[in-house]
Amino acid sequence: MAVQITGEKVTDGVYIRINGETYRFQRNITPFQSKAEINPGEYTLVNKGKLPYLHSDQAISMIQSFYGLKSLDANVRALTAGLKVPSPSIFMPHYVNVNEALQGRSVLYDASGNLIEGDRLEKYSSTLNSDCWVHLNAGFPKESEKGTGFLDLDLAVITGLDAEGKPVISRMPLEDCLGKNCWADLELLNSQGLPTRASRIGRYIPGKVIYFTYPTEDSVARFDANPGWTYLNCNRNPRDSNTSLGVFLCAEGTQNSETH
Numbered sequence: 000m001a002v003q004i005t006g007e008k009v010t011d012g013v014y015i016r017i018n019g020e021t022y023r024f025q026r027n028i029t030p031f032q033s034k035a036e037i038n039p040g041e042y043t044l045v046n047k048g049k050l051p052y053l054h055s056d057q058a059i060s061m062i063q064s065f066y067g068l069k070s071l072d073a074n075v076r077a078l079t080a081g082l083k084v085p086s087p088s089i090f091m092p093h094y095v096n097v098n099e100a101l102q103g104r105s106v107l108y109d110a111s112g113n114l115i116e117g118d119r120l121e122k123y124s125s126t127l128n129s130d131c132w133v134h135l136n137a138g139f140p141k142e143s144e145k146g147t148g149f150l151d152l153d154l155a156v157i158t159g160l161d162a163e164g165k166p167v168i169s170r171m172p173l174e175d176c177l178g179k180n181c182w183a184d185l186e187l188l189n190s191q192g193l194p195t196r197a198s199r200i201g202r203y204i205p206g207k208v209i210y211f212t213y214p215t216e217d218s219v220a221r222f223d224a225n226p227g228w229t230y231l232n233c234n235r236n237p238r239d240s241n242t243s244l245g246v247f248l249c250a251e252g253t254q255n256s257e258t259h
């Protein structure tokens with residue numbers, strides 16, 4: 000009599016293998032809650048923490064919007080809507096994570112709590128890797144305290160609006176990052192989301208290597224993805240606008256969404 004060897008289809012989770020270890024994640028988690036009015040199916044959670052213990056208190060739109068605005072105007076309009084423009088410290092790790100999910104090394108959920116996978120993940124990663132041009136919430140004024148910032152610069156982030164509707168700006172010394180225009184390794188970002196190590200690979204690899212232009216005084220940051228060439232530009236003119244230049248809006252959560 001033959002011995003029956005039968006596999007059982009797994010339908011209740013997704014498996015991620017990292018560093019020789021396998022972890023199971025649910026296909027559906029607690030929905031993201033925010034005071035902002037968003038379409039949760041169009042927003043993806045921003046993972047924080049380290050696998051397998053992830054959480055999220057922010058969500059980024061998967062659809063570019065607010066086209067044709069200058070950097071400051073885009074930030075003000077986002078804040079007026081109860082949202083914000085993500086800083087490099089939010090956006091760049093998220094960009095890396097999206098590509099990790101595409102390679103089966105991480106997970107990605109929408110704000111409804113549904114796993115983003117298959118064609119949907121392919122489409123979103125394609126947008127980030129080859130078809131977007133967005134402002135990031137980062138400016139680089141001259142340092143307010145001499146000798147504290149890398150390249151003698153501060154990092155300025157717009158955090159809100161005052162009673163008169165004017166931007167509230169938080170400044171901190173710019174941390175050490177690459178001080179030249181070059182291909183950058185995204186495995187080593189500082190806490191402000193900027194790369195600290197040049198890549199030995201002189202070409203674009205989605206989620207791993209992009210072209211970085213270093214911060215210059217009174218410039219702002221943008222992320223620009225085209226087929227075969229993607230930039231994190233930190234030397235852009237804050238007065239520039241373009242009908243193709245927009246933002247990926249970011250919503251703050253009212254509670255953490257657990258993803259493990």
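With numbering that gives the first Met the number 0 as the guide, the letters of the sequence shown map in order to residues 0 to 259.
Each residue gets a CB set at the ideal place from its N, CA and C atoms; glycine is no exception.
Residue i, buried or exposed, once every other Cβ within 10 Å from all chains shown has been counted against 16
i      : result
Gly138 : buried
Ala162 : exposed
Val167 : exposed
Start and end residues, beta strand (DSSP E) containing residue i
i      : result
Ser86  : Run containing Ser86: none; DSSP gives neither H nor E here.
Gly138 : 131–139
Ala220 : 218–225
Thr229 : 228–235
Val208 : 208–212
For residue i, the three-state DSSP class (helix, strand or coil)
i      : result
Arg18  : In the sequence on display, residue 18 carries Asn and not Arg. Correct three-state label for Asn18: coil.
His259 : Unreliable placement is indicated for His259, whose pLDDT of 49 sits below 50; the coordinate value is still reported in the next sentence. The answer is coil: DSSP assigns His259 none of H, G, I, E or B.
Glu36  : coil
Asn113 : strand
Phe149 : helix
Ser169 : strand
Gly12  : coil
Asn27  : strand
Glu121 : helix
Leu188 : strand
Leu127 : helix
Leu154 : strand
Glu174 : coil
Assumed close pair residue i, residue j - CB separation to whole angstroms, cut-off 8 Å
i      : j      : result
Lys69  : Arg238 : 6 Å
Ala110 : Ile37  : 7 Å
Val13  : Leu114 : 6 Å
| Contiguous alpha helix (DSSP H) assignments of at least 4 residues, all confined to the region 41–108 | With a minimum length of 4 residues, the continuous alpha helix (DSSP H) runs that stay inside the region 41–108 are 70–79, 87–101.
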